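Have a look at the structure below before the remarks.
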Amino acid sequence: MNAFKRDKKEEEEGGGNPFQNIEKTTVLQEARTFNDTPLNPRKCAHILTKILYLLNQGEQLGTMEATEAFFAMTKLFQSRDVVLRRMVYLGIKELSSIAEDVIIVTSSLTKDMTGKEDLYRAAAIRALCSITDVSMLQAIERYMKQAIVDRNPAVSSAALVSSLHLTKIAGDMVKRWVNEAQEAVNSDSVMVQYHALGVLYHIRKSDRLAVTKLVAKLTRNSLKSPYAVCMLIRIACKLLEEEDSNGNSSPDSPLFEFIESCLRHKSEMVIYEAAHAIVNLRRTTSRELAPAVSVLQLFCSSPKPTLRFAAVRTLNKVAMSHPAAVTACNLDLENLITDSNRSIATLAITTLLKTGAESSVDRLMKQIASFVSEISDEFKIVVVQAIRALCLKFPRKHSVLMNFLSAMLRDEGGLEYKASIADTIITIIEENPEAKETGLAHLCEFIEDCEHTSLAVRILHLLGREGPRTRQPFRYIRFIYNRVILENAPVRAAAVAAMAQFGATCPDLLPNVQVLLARCQMDTDDEVRDRATYYHSILEKQNKALSNHYIVEGLQVSVPSLERALHQYTLNPTETAFDIKSVPLAAVTPADENANKMAANAGGMLITPALPGSKAAVAAATANTVTREETYLEKLRAVPELANLSISLFHSSDPVELTESETEYVVRCVKHCFPEHLVLQFDCTNTLNDQLLENVHVQLEAPDGYHIVRSVPCARLPFNETGSTYIVLQYPDELPASVGTFSATLKFLVKDCDPATGQPDSDEGYDDEYMLEDVEVTLADQVQKVSKTNFGSAWEEAASTHSELEDTYSLSTMGTLEEAVRNIINFLGLQPAERSDKVPEGKSSHTLYLAGVFRGGHEVLVRAKLALAEGVTMQLTVRSTDPDVAELVTSTIG
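Residue numbers (our numbering): 3 to 896.
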């Protein structure tokens, strides 16, 4: 043991990193010292430390280098120096995955593992298990079983943790050690008990019944280890979540009772784990939440900073979903505002912001301002997120909150912190029309000194979208043009695009905008010059429809798909002109109403069409997110029978479950809409381990008008694997007939097989079938969402170019306007425009605007005027480039 002691002189020597400038080649040469006779243990340990340092710093050793160092290191087993021997074990573990023939040290490690020197045994077990393969594991199995139940806690823990790692290569063998692991669970050592429970759970985790029995047994027998109890709580939570997802949950579940009983445990660690578990369960009601919140409230006054921090952080999270439950803790949280730990104070403030009354907002904001500059960006972001929630909760406080956010924008901080503030201001602008001009003014001031290109581009895009629709749009031109003069090329390009939005939307500003765009045509960057020329030429024609289509709305198609389609067209030119309608549309996500918003972060390249061959086109192609349709299209084209689908995929639906998740065969359907064809993709999973399915296909009873073109079966479906079978249908000639329901039956050949190997017992099988839920093809399956930045202009333009149909409906089953809006959007599958999906509070009437494209490239615009009386009355007006599509929309609702 004296070898572990350091001289006083060593401890007093200066700090710093003694290995900072070492080189791999030099260290490997020094490793030759391992062959010296006699050995110098101190020097060898120092060299081994250098090797381990290099490996942990990410230095790559070649196979030859690692093997030479490894074999030189094996000579060190001659030494009985304790420090050196333990360093050798670490070296073996690190080099075992790189060097060759490492099993040569197996006998030495086995000897140390079974020897009498306790200081060697635990480390030897870890090293031995790191080099052992499946073929050699049988030889040490007996030793591993003995080590698991060893009286020395360090040896037992090492064996248990190593067993856990060995499950990756020999899971079946480790399962045979379950009795030893069960015995180790009864150990008096807290770490052994913890590790033993981990091994037992890992062995049984695929068997829900076995896990349930394990938890039931251990909840009756009190575990001594707080670590083990914490793990048991997590396992119980997982079982509860599974019960909830399967619909088998009970309000008086013994699992929940166990977790709740842990709130009275003697260990603070266990108490907190139980409280944390309860507040994070999806099933938790306000009544069940109360005891957990009470415990966290007590922790708020703990003398230990770690407990205060844990409590207030958890309460902060609870406040997002159950603010009323946290209100009882407000007094304790206010006491934490002056906590010496600024992280605790910040979380206390933000929690109070989520739970406090409107009257307390001003006071809380003053308290935050006193120390916000002293906390890290991470906690500043937490404050910003709390302010965002507060703005949505108390819209009338937007002025105070925006002023505070504006001051934070002027402070020092990184991109993530500044972006969170900008996002919050943008959210306030979108949710509260009264705050729009104030928010835009703050953002204009910010971009004067903004150091982050992506953020400046994002704000310029917002100014171009929202600025023209304010009372005094000319106020923003100066801020935008300043960016053209003072900023780098990507920001200048975004500023040019923003100015063009003003020229296209505000006729009074058009002459001034044209002058500025003409100046930009002399820019040093070709992207800026190209944009300025492009916009100037469009605006010069003073054609409102042209400006709306090419400037205000921008490019609706997916840029990567457009690039690929154009490339394919140039490789295989035809007499037919390239049709942009064949290109999939850009994805519009529910969380982001404007698809360009994401693109603006990548350099503003989708604000308007990127000119062919320009840097914008290339950047957009790489930055734009791959759509769901593109992902599915690659998979469809990989199926030989579907490779002839020459027209691009228009729309793919979300997967629809055709069976329950616990049934023998699980089937999901994805509907792929092409202009003339419908492809039904059935993803099938076989959950029976004693069956092999072959020739798996779905038999459909198609409604009138549909014609089945081709069926592609799944040749083979083993246990627990997913395979796909396809059916290609041709749409009916009459559009109304394209909406219908298909009866579906899963058919297949069954071969009984050995559950262990998955091999069939014989080549013969028998035919079987399984009834599926009906497959419904709706209007929403045949349309693609598109964003309309200026729906009013698009609606007016469509008056002279589109067919129009109007009808009135009584939505008697819907009790609120919000419910009506939600159901109409889901039913039609169109994209809400100009935030019309948000119904103002207290309103008895509302107008919903929707936009999309029907298969074949036919534009659809919908205006739904809703009035609340006894139920909801709707006046629906549909405008479409195809009269049959307009009729389909109105008839489908009727």
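Using N, Cα and C, we set each Cβ at its ideal position, and we do this for glycine too.
Keep in mind it's a predicted model, so treat the numbers as computed, not measured.
CB contact flag (residue i, residue j, <8 Å)
| i | j | result |
| --- | --- | --- |
| C232 | V272 | yes |
| L644 | E631 | no |
| V2 | S882 | The question about residue 2 has no answer, for the chain in this structure spans 3 to 896. |
| I370 | V385 | yes |
| T353 | L317 | yes |
| L41 | S81 | yes |
| V295 | V328 | yes |
| K583 | G859 | yes |
| L54 | A71 | no |
| S959 | H679 | In the structure as shown, the chain starts at 3 and stops at 896, and residue 959 therefore has no counterpart that could be examined. |
| L870 | S893 | no |
| V880 | V864 | yes |
| S302 | L265 | Sequence check: residue 302 is Cys here, not Ser. Going by C-beta atoms, C302 is not nearer than 8 Å to L265. |
| F504 | I479 | yes |
| I94 | A129 | yes |
| A156 | A124 | yes |
| A974 | E529 | Lying outside 3 to 896, the shown extent of the chain, residue 974 is not represented and no answer is given. |
| F481 | C446 | yes |
Residues near residue i by beta carbon distance below 8 Å, same chain, minus five either side
| i | result |
| --- | --- |
| A520 | A534 and H538 |
| Y145 | T112, M115 and T116 |
| N214 | First, the residue type needs correcting, since residue 214 is Thr and not Asn in the sequence shown. For T214, where only same-chain residues beyond five positions count, the Cβ hits under 8 Å are L241. |
| D769 | K749, F750, L751 and V752 |
| R236 | E275 and A279 |
| V29 | I49, K52, I53 and L56 |
| E436 | P397 and H400 |
Chain-order list of residues whose beta-carbon lies under 6 Å from that of residue i (same chain, five-residue window excluded)
| i | result |
| --- | --- |
| V777 | C671, F744 and A746 |
| G831 | A782 and V785 |
| A849 | Residue identity check: residue 849 is Thr in the sequence provided, not Ala. Once the five neighbours on either side are set aside, the close Cβ partners of T849 are K867. |
| K399 | V363 |
| Q877 | T810 and K867 |
| P228 | S269, M271 and V272 |
| L403 | I389 and C393 |
| E360 | F396 |
| E659 | R670 |
| V180 | I205 |
| A567 | V585 |
| I100 | L63 and A68 |
Own chain, CB closer than 7 Å to residue i, minus 5 neighbours either side, in chain order
| i | result |
| --- | --- |
| S812 | G873 and T875 |
| P611 | Residue confidence for P611 is low, a pLDDT of 38 falling below 50, so the modelled location carries little weight; the figure read from the coordinates is stated next. Only Y552, G556 and L557 meet the Cβ criterion. |
| E889 | L807 |
| E102 | T65 and T69 |
| H204 | L166 and T169 |
| A704 | I710, L731 and F744 |
| A388 | T352, L355 and K356 |
| A321 | V328, T353, K356 and T357 |
| L220 | L234 |
| V163 | H197 |
The beta strand (DSSP E) enclosing residue i, as first and last residue numbers
| i | result |
| --- | --- |
| T687 | H679 to N688 |
| S668 | For clarity, residue 668 is Val in the given sequence; the question names Ser instead. Segment Y667 to C675, the beta strand (DSSP E) holding V668. |
| N697 | Q693 to E703 |
| R881 | G873 to S882 |
| S726 | T724 to Q732 |
Span of the alpha helix (DSSP H), counted from its first residue to its last, around residue i
| i | result |
| --- | --- |
| C46 | P43 to N58 |
| H444 | K438 to I449 |
| C131 | D120 to I133 |
| A640 | From DSSP, A640 is part of no alpha helix (DSSP H); its letter is neither H nor E. |
| S378 | No alpha helix (DSSP H) holds S378; DSSP gives it neither H nor E. |
| T747 | Segment G742 to D754 is the beta strand (DSSP E) holding T747; no alpha helix (DSSP H) there. |
Proximity test, Cβ basis, 8 Å: residue i and chain C
| i | result |
| --- | --- |
| L394 | Among the protein chains of the structure shown there is no chain C, as only one such chain exists. |
Exercise for the section: Please confirm if the segment 22–37 is in contact with the segment 45–58, defined as three or more CB-CB distances below 8 Å between the two stretches. Expected result: yes
Practice task
Would you be able to state if there are at least three C-beta pairs under 8 Å between the segment 659–671 and the segment 708–717?
Solution key: no
Problem - Contained beta strand (DSSP E) runs [length at least 3] in the segment 763–808, N- to C-terminal order - result: 768–773, 777–779 and 785–787
Practice task
Mind listing, in chain order, the continuous alpha helix (DSSP H) runs of no fewer than 4 residues lying wholly within the segment 218–294?
Solution key: 228–247, 256–263 and 270–282
Exercise for the section: Count the CB pairs spanning the segment 454–467 and the segment 427–446 that are closer than 8 Å, and state whether there are at least three. Expected result: yes
Problem - Touch test, the segment 730–737 against the segment 686–696, Cβ-Cβ under 8 Å, three pairs minimum - result: no
Handout entry: Segment contact, 8 Å Cβ cut-off, at least three pairs: the segment 524–533 with the segment 575–591
Key = no
Practice task
Decide if the segment 752–766 is in contact with the segment 784–799; the criterion is three or more beta carbon pairs, one per stretch, under 8 Å apart.
Solution key: no
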